[in-house]
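The opening residue of the sequence shown carries number 885 in the numbering used here; numbering runs sequentially from there.
Here a beta-carbon is modelled for each residue, glycine too, at the ideal position from N, C-alpha and C.
To keep things clear, I will list the structure first and then write my remarks on it.
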Amino acid sequence: MKILYFAWLRTKIGVASETVEPPAGVATVGALVDWLKTRSPQHADALANSKVVKVAVNQEHVPYDHPLSPGDEVALFPPVTGG
Numbered sequence: 885m886k887i888l889y890f891a892w893l894r895t896k897i898g899v900a901s902e903t904v905e906p907p908a909g910v911a912t913v914g915a916l917v918d919w920l921k922t923r924s925p926q927h928a929d930a931l932a933n934s935k936v937v938k939v940a941v942n943q944e945h946v947p948y949d950h951p952l953s954p955g956d957e958v959a960l961f962p963p964v965t966g967g
């Protein structure tokens, strides 16, 4: 599974992307985010508040209860504001 990080998430975690193999019990976006928090202190800090972390799976915005498949591309990013 490919994970992409954008904006300040990329800065806090220290990488733009990574390929991961989550445990079998990680079946939803929310479970993935919880598991990613355990990967490093930087992940834990960047992903601490799920209200400010939005997710897209295969380039489609999804809620945290969205199911995942092993080949998915998951993008994590802060809310986008316009002006």
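*Report yes or no: do the segment 920–929 and the segment 939–950 share at least 3 C-beta pairs separated by less than 8 Å?*
no
*Using DSSP with H/G/I as helix, E/B as strand and the rest coil, what is residue 950?*
coil
*Going by CA-CA distance only, name the one from 935, 885, 924 that's closest to residue 964.*
935
_Rounded to whole angstroms, what is the Cα-Cα separation between residue 903 and residue 941?_
14 Å
*Which term fits residue 917, buried or exposed, when burial requires 16 or more other beta carbons within 10 angstroms of its beta carbon?*
Around the beta carbon of residue 917, a 10 Å sphere encloses 16 or more other beta carbons of the protein chains shown; the residue is thus reported as buried.
*Nearest CA to the CA of residue 953: which residue from 921, 912, 891?*
912
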